[in-house]
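Note sheet for the following structure.
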């Protein structure tokens, strides 16, 4: 196998590691593609946030960049009418299930959703879709941090940190469909479980769902 | 090394024995009762008891056998009486009285009581067979051939009709032969998408990994479809043999049947069939005395529609939430336990023994060049002959509905046919001449799906139907990806609004755009196909959507927020109190003049009173938009 | 939900038995949960914790499975379980009306168990008896063509059965045993 493969993203020719997924190849070369759920170390991509769509020459529909391996000579565009339409809809759908009081959020100005909005010229407010308005109880039982599910985008980054980083196995997904949540066994408060507050999960959260209490606003 | 004719010799002995056993059973009269799930629901158990009682009290020597689905579900409970000297005759609509009569006149006497018979099962000079019916011209039973005609609980009845002979034949040849035959037959997967089975098998066979799996997807979750259940219940060994053949072709040693939780009887029958096959050395180690070993196990689903999706099914078998994965890698490369896995639908496996035995040429002689073979449908809804049907691919929808299904009941006007369940679409009258095959249906906006076919008439609201399917997929969405989790939720909310008369042109536009995005952006096939019922109804029944939002009217009088119940004074009899008694909320009262009337504030629109009102009056009607005639007059003034 | 006396021991014994009879692997997790639920009628938290321990998987993963699949329930079912089919064929001929009729008669909503634990009501996707629509499964027995009037008949029969059972039990029971629900 050769040491690298040549691909073109947005007219820029880059050399990348063989076997690399397109999303990481782009990000490592400072080409931004929106994403929330992608975890580089994970062998099988989650592919659940549906934000990293790109167009690949020869494929007539947008493809999630986190699921495609780079191939020699691949020609990729990160923007197109089709891509922009899907990303906009996915983004607006996520916002319809997200607490949009940014000024109260500890992640304000350091939020993956804000970054996507800025990069793609999207608005951070409820657009075509009415807010779903799920109600959650705030879990502020740990001493250092809190978990506000109304901001959670279900990317799964905290679960990965909790399992692979901390080996605590406290967080997991539960329920199905629209009721899907990141939660604990029986929905118990974190303080009642074997959480030693390593806070790796807080650091992994790309939005303000898991946050340090000291950074809390209002 | 495979010894030259060992499997054939072993099989021959087994076959002779089984045939002898079955023939000796056929020397006396037999009653075959259809006790598949639908027969039982219609009262087959009581019918069986009646037969036992009647036969015992007369001291007759008659064998009573439970068989699977005979396919004529509209006439359940069904039974076949097979008396030496007569053709086997099928009777329907059985009850205690009719059973008494049949035992007395036919079994004890010699009068087959043809006036109660549906049809004979063998050609004869006295009574027509099912093939003589209009539907017989179009029907072609291949994998349903023996459903409901044989004793599913005995492996001998399968072997006696040359069951497992395909396996014996295959085992005396190289595995590649099986694959070549399936490939040459161009068998396409019957799970819905129509992917060529041979291609899948070949990829698995070519893998150098020596641990491989064969899985049968029997997680038939489409509401309104029950073909797979019927085959599993009625002819379990056909599916097992197909799986063993596949395992031999690809080199797998272990297989699984993933059967949904709601089918306890299918699980029971398959489990019994597996045990019997093991006893006969048709499963397990050294099958038919050869060096080939393969075993099967049942895995019971636990109630998640999404597990019909291949990668979700595998996750579920590995003890995880049944959530789909992005593909590639495909299952044939990275399947169960990360090993190469062939996963096919029940029907796909059921064709295999027949293809191996009768040859690819025979199979390609049925159906169309691109979709050879037959299609199995469960025909339900507003149609006379509900039940299981099997027709050659290429039959048109019109032939299927009008000839095989005998059209709609009297006074009913065809409006749409829904094909392929929640992933399929609703097609109008103008699309009825579309031939049934994977590609033509796809072009028309529906899909073959797993074969549910629901006929709808003027009383079915297309918006409500689209909403129903969306509610289903939204409820069954696994919630993993954004488009399906949130997109279907918003689609459902918009549709619910429309059924309440809320919305405008922009709402319809948004619904269409969102549907297209969910179709193009979802992770798995459940999400990608979920919008189909919406997109097809928007396309073919746009006027109905418009009537809801522009006039606040549901043309089919279904959407409950847009109708009201009204008792027409000239038709009400005054003297009868049936409607009052039928109302669960005491909304119906007697007016001073003796006529009945409905208190609209109390009415829950349950339809009880309309059903209860005696047909000679028919005084209860539904009105849409929900405006009382008196108010209408007032408004007019 | 707090467990009543003796219940805890029963749950522990049951989980122990199931774990003893099966291979304790993650792959076998769903069959294990099915067997425990089959014995207990539901999956109490305690059972989930014990299974997690026995199979060596995180408790939250068991919770995830139990909340993902329709089949699993975390509260005890009623003595009589009524499942209303809402498959396409049933829906088209008023399955939803049938469901509502049950809700009215039982005074509970779909997915709930009555406070006296006599009834629980569920909707199911399709039981595959479409030609007999609308279909209802009452304690594992399939009933076809269930109109709202038939709902009344079914409820009457179930109540009669409950009445009989209660009458037979009454002599042995003290008054205070009556669960105390209003």
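Residue numbers (the working numbering), protein chains in the order written: chain A, 390 to 607; chain B, 73 to 709; chain C, 523 to 704.
Note that CB positions come from ideal geometry on N, CA and C, so glycine has one too.
Can you find a CB in chain A that lies within less than 7 Å of the CB of residue i?
i, result
"residue 555 of chain B", "yes"
"residue 562 of chain B", "yes"
"residue 344 of chain B", "no"
"residue 379 of chain B", "no"
"residue 585 of chain C", "yes"
Applying the criterion that 16 or more other CB atoms from any shown protein chain within 10 Å of the CB defines a buried residue, is residue i buried or exposed?
i, result
"residue 534 of chain C", "exposed"
"residue 592 of chain C", "buried"
"residue 401 of chain B", "exposed"
"residue 481 of chain B", "exposed"
"residue 662 of chain B", "exposed"
"residue 515 of chain A", "exposed"
"residue 357 of chain B", "exposed"
"residue 589 of chain C", "buried"
"residue 623 of chain C", "buried"
"residue 647 of chain B", "exposed"
"residue 602 of chain C", "buried"
Counting contacts by CB-CB distance shorter than 7 Å, is residue i in contact with chain B?
i, result
"residue 593 of chain C", "yes"
"residue 415 of chain A", "no"
"residue 619 of chain C", "yes"
"residue 482 of chain A", "yes"
"residue 548 of chain C", "yes"
"residue 489 of chain A", "no"
"residue 574 of chain A", "no"
In chain order, what residues of the same chain lie with their CB nearer than 8 Å to the CB of residue i, ignoring the 5 residues before and after it?
i, result
"residue 208 of chain B", "201 and 202"
"residue 460 of chain B", "141, 143, 145, 216, 219, 298, 299, 302, 448, 449, 450 and 451"
"residue 437 of chain A", "426, 543, 544 and 545"
"residue 694 of chain B", "629, 635, 636, 637, 638 and 682"
"residue 676 of chain C", "604, 658, 660, 665 and 668"
Which partner residues does residue i have in the DSSP bridge list?
i, result
"residue 528 of chain B", "B:488"
"residue 458 of chain A", "A:410"
"residue 587 of chain A", "In the DSSP output, where bridge partners are listed per residue, residue 587 of chain A has none listed."
"residue 288 of chain B", "B:329 and B:416"
"residue 268 of chain B", "B:260"
"residue 153 of chain B", "B:103 and B:161"
"residue 641 of chain C", "C:602"
"residue 464 of chain B", "B:446"
Within a Cβ cutoff of 6 Å, which residues of the same chain sit near residue i, ignoring the five residues on either side of it in sequence?
i, result
"residue 223 of chain B", "137 and 229"
"residue 504 of chain B", "469 and 470"
"residue 338 of chain B", "301, 304, 305 and 331"
"residue 531 of chain A", "579, 580 and 586"
"residue 115 of chain B", "149"
Under a CB-based cut-off of 7 Å, is residue i close to chain C?
i, result
"residue 564 of chain A", "yes"
"residue 612 of chain B", "no"
"residue 558 of chain A", "yes"
"residue 458 of chain B", "yes"
"residue 561 of chain A", "yes"
"residue 264 of chain B", "no"
"residue 645 of chain B", "no"
"residue 189 of chain B", "no"
Below 7 Å CB to CB, which residues in the same chain sit around residue i once its five sequence neighbours on both sides are set aside?
i, result
"residue 453 of chain B", "526, 527 and 528"
Are there three or more Cβ pairs, one per stretch, closer than 8 Å when the segment 525 to 542 of chain B is compared with the segment 479 to 490 of chain A? no
With contact counted as at least three CB pairs below 8 Å, one residue from each stretch, are the segment 305 to 313 of chain B and the segment 267 to 278 of chain B in contact? When C-beta atoms of the segment 305 to 313 of chain B are compared with those of the segment 267 to 278 of chain B, fewer than three pairs fall below 8 Å, so the two segments do not count as touching.
Counting pairs of Cβ atoms below 8 Å between the segment 667 to 687 of chain B and the segment 526 to 546 of chain C, do you hit three or more? no
With three or more C-beta pairs closer than 8 Å as the rule, is the segment 74 to 90 of chain B touching the segment 568 to 581 of chain A? no
With a cut-off of 8 Å, do at least 3 Cβ pairs link the segment 484 to 497 of chain B to the segment 419 to 438 of chain B? no
Quick one: any contact between the segment 186 to 199 of chain B and the segment 164 to 175 of chain B, if contact means 3 or more CB pairs under 8 Å? The count of Cβ pairs closer than 8 Å, one atom from the segment 186 to 199 of chain B and one from the segment 164 to 175 of chain B, reaches three, so the stretches are in contact.
Do the segment 543 to 551 of chain B and the segment 561 to 570 of chain A touch if we need at least three Cβ pairs shorter than 8 Å? Yes, since at least three Cβ pairs between the segment 543 to 551 of chain B and the segment 561 to 570 of chain A fall closer than 8 Å, the two stretches touch.
Counting beta carbon pairs with one atom in the segment 243 to 255 of chain B and one in the segment 333 to 340 of chain B, are three or more of them shorter than 8 Å? No contact exists between the segment 333 to 340 of chain B and the segment 243 to 255 of chain B.
At least three beta-carbon pairs within less than 8 Å, the segment 468 to 482 of chain A to the segment 409 to 416 of chain A: As far as the Cβ criterion goes, the segment 468 to 482 of chain A does not touch the segment 409 to 416 of chain A, which means the pair count is below three.
Cβ contact check for the segment 508 to 519 of chain B and the segment 429 to 438 of chain B: 3 or more pairs under 8 Å: no
Check whether the segment 559 to 576 of chain C and the segment 365 to 372 of chain B are in contact - that is, three or more C-beta pairs closer than 8 Å. no
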